[in-house]
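Undergrad:
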């Protein structure tokens, strides 16, 4: 219940901050009346900018903000609301040009007759167009993720900064000291947010470093990175959560990557992340030397059994390295002495490359764990399930009681696997609120 | 499911912003 109240509160605050400029500018005494189309265009510009500015809040990784929804949903919302705010910003000049074609001459950036307010607005608009094009088509344009992130931040700052300059230079609606103070405060809020995320928080992370203790080969091109806190109490987290990792790089560079924690939440001074070789960055994990300095930003995420204290049973449906949050949960349950039943349906390519295969077997003696392996390429004498995770397997292995709040099911693995499992669970009439997934496609 | 709710909320916010913008334009044009 607390989560829903928090979620509703943040949503209403978001809406309030998005609408604040146009509501406050309507307070008497108002600026003199003008044509409807001109004021409609102005209102769309103000609202579009307010929504664009709110993206700094959404992507600032505030834990209190992501707690009710999950980080994946915050980024999903960020992508969608950003495109909608771009449409509002774009509509602002288009409406002006349509209803007053004389304003088209303001597009001549180099003309001495073009005022600086128009130049600032036009540059902000170009930054907005670039932001959307580079984000929506990043993969098609083959732009490297880290480079894109830096430019994304730069362009967003240019957009908000120059749009603010544009509004201040136009100054039409700021006819009272109250409205001027409001706009200055609004601007200072964005600057303060930028200072916090780009300078203050990285400084805090630098003062709470970790050192790599060891890198363990878990099989199946999967490696665990074990970290020890240096001079502080470690990371307090819930099993199933994740953190952003900066490896051998100061946090100012923002070259961090999100990974699930695989260690026990009962041991905050022994943190591990389990990572599979999938791309340029993950291929370097096995080469990291003990003693390397690491900074952790987190924990984040709601993909945790601790969010469902009422649950009587749990099930994890994992594919390959998607076992990571399940490992954290199983290790935590073992440390806590939690005997609630856990069913693990674990899909892998073959028997030889199953990450944590031996440790999972060992955990069966410490907790109430049932393991169901599903192998794509099983050995000849294999008696278990083969192929992919099907509705039939789920129907047989998951709890037959499909009442709400009995068995909480967590799904983690490759996107197509998660899509298929969600579809099967829905068809099997599992309560929609009882199965959970968290997707790391944040970019 | 969560993603669909998030999309729906983004669209609701977008519509509300347009409605308030129309009210703003009307208030300043009379």
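Residue numbers (the working numbering), protein chains in the order written: chain A, 526 to 968; chain B, 2 to 31.
Cβ atoms here follow ideal geometry from the backbone N, Cα and C, with glycine treated the same way.
For clarity, every value in this text was computed on a predicted model and none was experimentally measured.
Identify the continuous beta strand (DSSP E) that holds residue 801/A and give its terminal residues.
TA: Within the first chain, residue 801/A is the residue found at index 276, counting from 1. It spans 796-801 - the beta strand (DSSP E) in which residue 801/A sits, taken as one unbroken run.
Undergrad: Restricting to Cα atoms, I'd like to know which of 787/A, 578/A, 589/A and 888/A is closest to residue 687/A.
TA: As a working mapping, residue 687/A is identified with position 162 in the first chain. If we check each option's Cα against that of residue 687/A, 578/A comes out closest.
Undergrad: Find out if the Cβ-Cβ distance for the pair residue 735/A, residue 755/A is shorter than 8 Å.
TA: If you number the first chain from 1, residue 735/A lands on position 210. If you number the first chain from 1, residue 755/A lands on position 230. Cβ distance < 8 Å, so residue 735/A and residue 755/A count as in contact.
Undergrad: Measure the C-alpha to C-alpha separation of residue 627/A and residue 633/A and round it to an integer number of angstroms.
TA: Start at 1 with the first residue of the first chain, and residue 627/A comes out as number 102. Start at 1 with the first residue of the first chain, and residue 633/A comes out as number 108. Taking the straight line from one Cα to the other gives about 12 Å.
Undergrad: Which class does residue 549/A belong to by DSSP, given the choice of helix, strand or coil?
TA: Taking the first residue of the first chain as 1, we reach residue 549/A at position 24. In the structure shown, residue 549/A sits in a helix (DSSP, three-state: H, G or I).
Undergrad: With H, G and I counted as helix, E and B as strand and the rest as coil, what does DSSP make of residue 968/A?
TA: For the purposes of this step, residue 968/A is taken as the residue at position 443 of the first chain. In this prediction, residue 968/A scores a pLDDT of 49, lower than 50, which makes its location untrustworthy; no coordinate-derived value is stated.
Undergrad: With which residues is residue 556/A paired in a DSSP beta bridge?
TA: Position 31 of the first chain holds residue 556/A. Residue 556/A pairs with nothing; no bridge assigned.
Undergrad: For the beta strand (DSSP E) containing residue 899/A, list its first residue and its last residue.
TA: Position 374 of the first chain holds residue 899/A. That run of the beta strand (DSSP E) goes 894-900.
Undergrad: In chain order, what residues of the same chain lie with their CB nearer than 8 Å to the CB of residue 656/A, ignoring the 5 residues before and after it?
TA: Within the first chain, residue 656/A is the residue found at index 131, counting from 1. The answer, listed in chain order, is 607, 611, 677, 680, 681 and 684.
Undergrad: Return yes when the Cβ of residue 799/A is within less than 8 Å of the Cβ of residue 747/A, no when it is not.
TA: Here residue 747/A is taken as the residue at index 222 of the first chain, counted from 1. Here residue 799/A is taken as the residue at index 274 of the first chain, counted from 1. It is a contact, given that the beta carbons lie within the stated cut-off.
Undergrad: Give the secondary structure of residue 932/A by DSSP, where H, G and I count as helix, E and B as strand, and everything else as coil.
TA: Taking the first chain and counting its residues from 1, the one referred to as residue 932/A is at position 407. Residue 932/A: strand per DSSP, three-state reduction.
Undergrad: Which residues in the same chain as residue 926/A place their Cβ atom closer than 8 Å to its Cβ, once the five residues preceding and following it in sequence are excluded?
TA: Walking along the first chain from the start, residue 926/A turns up at place 401. Cβ neighbours of residue 926/A beyond the five flanking positions: 932.
Undergrad: Indicate the three-state DSSP secondary structure (helix, strand or coil) for residue 589/A in the structure shown.
TA: Looking up residue 589/A in the first chain gives position 64. Residue 589/A: helix per DSSP, three-state reduction.
Undergrad: Who are the neighbours of residue 564/A on chain B, taking C-beta pairs under 7 Å?
TA: On the first chain, residue 564/A is found 39 positions in, with the first residue counted as 1. 25, 26, 29 and 30, listed in chain order.
Undergrad: For a contact defined as C-beta to C-beta under 9 Å, what are the partners of residue 861/A on chain B?
TA: Locating residue 861/A in the first chain gives position 336, where the first residue counts as 1. The premise fails here: residue 861/A is roughly 28 Å from chain B at the closest Cβ pair, so nothing lies under 9 Å.
Undergrad: In whole angstroms, what is the alpha-carbon distance linking residue 804/A and residue 639/A?
TA: Counting from one through the first chain, the residue named residue 804/A turns up at place 279. Counting from one through the first chain, the residue named residue 639/A turns up at place 114. Going by the C-alpha atoms only, they are around 48 Å apart.
Undergrad: Could you check how far apart the C-beta atoms of residue 4/B and residue 601/A are, in whole angstroms? I think they sit under 8 Å.
TA: Sequence index remark: in the second chain, residue 4/B carries index 3 (1-based). Sequence index remark: in the first chain, residue 601/A carries index 76 (1-based). That pair is a contact at about 5 Å.
Undergrad: Take residue 938/A as the anchor and find which of 585/A, 637/A and 873/A has the nearest alpha-carbon.
TA: Translated into positions along the first chain, residue 938/A becomes position 413. Checking every option, the nearest Cα to that of residue 938/A belongs to 873/A.
Undergrad: With a threshold of 6 Å on Cβ separation, who are the neighbours of residue 629/A within its own chain once the five nearest residues in sequence on each side are excluded?
TA: Within the first chain, residue 629/A is the residue found at index 104, counting from 1. If we look at residue 629/A and ignore the five residues flanking it on each side, its Cβ neighbours are 622.
Undergrad: Return no unless some Cβ of chain B is closer than 8 Å to the Cβ of residue 595/A.
TA: Here residue 595/A refers to the residue found at position 70 of the first chain. Output row for residue 595/A: interface = yes.
Undergrad: By Cβ distance, which residues of its chain are closer than 8 Å to residue 581/A, with the 5 residues on each side in sequence left out?
TA: As a position in the first chain, residue 581/A is number 56, starting the count at 1. Within the same chain, residue 581/A has close Cβ partners 681, 685, 715, 718, 719 and 722.
Undergrad: From which residue to which residue does the beta strand (DSSP E) around residue 635/A run?
TA: By one-based count along the first chain, residue 635/A stands at place 110. Looking at the DSSP string, residue 635/A is not in any beta strand (DSSP E), and its letter there is neither H nor E.
Undergrad: Cutting at 8 Å between CB atoms, please list the residues of its own chain near residue 730/A, excluding the five before and the five after it.
TA: Along the first chain, one-based indexing puts residue 730/A at 205. If we look at residue 730/A and ignore the five residues flanking it on each side, its Cβ neighbours are 771, 776, 820, 821 and 822.
Undergrad: Which residue comes first and which comes last in the beta strand (DSSP E) that contains residue 671/A?
TA: Reading the first chain from its first residue, position 146 is the one you call residue 671/A. That residue, residue 671/A, is in no beta strand (DSSP E); its alpha helix (DSSP H) goes 670-695.
Undergrad: Return yes when the C-beta of residue 655/A is under 7 Å from any heavy atom of the ligand MN, and no when it is not.
TA: The model depicted lacks the ligand MN and carries no ligand whatsoever.
Undergrad: If you measure between the beta carbons of residue 768/A and residue 860/A, is that distance less than 8 Å?
TA: Translated into positions along the first chain, residue 768/A becomes position 243. Translated into positions along the first chain, residue 860/A becomes position 335. Taking 8 Å as the Cβ cut-off, residue 768/A and residue 860/A do not qualify as a contacting pair.
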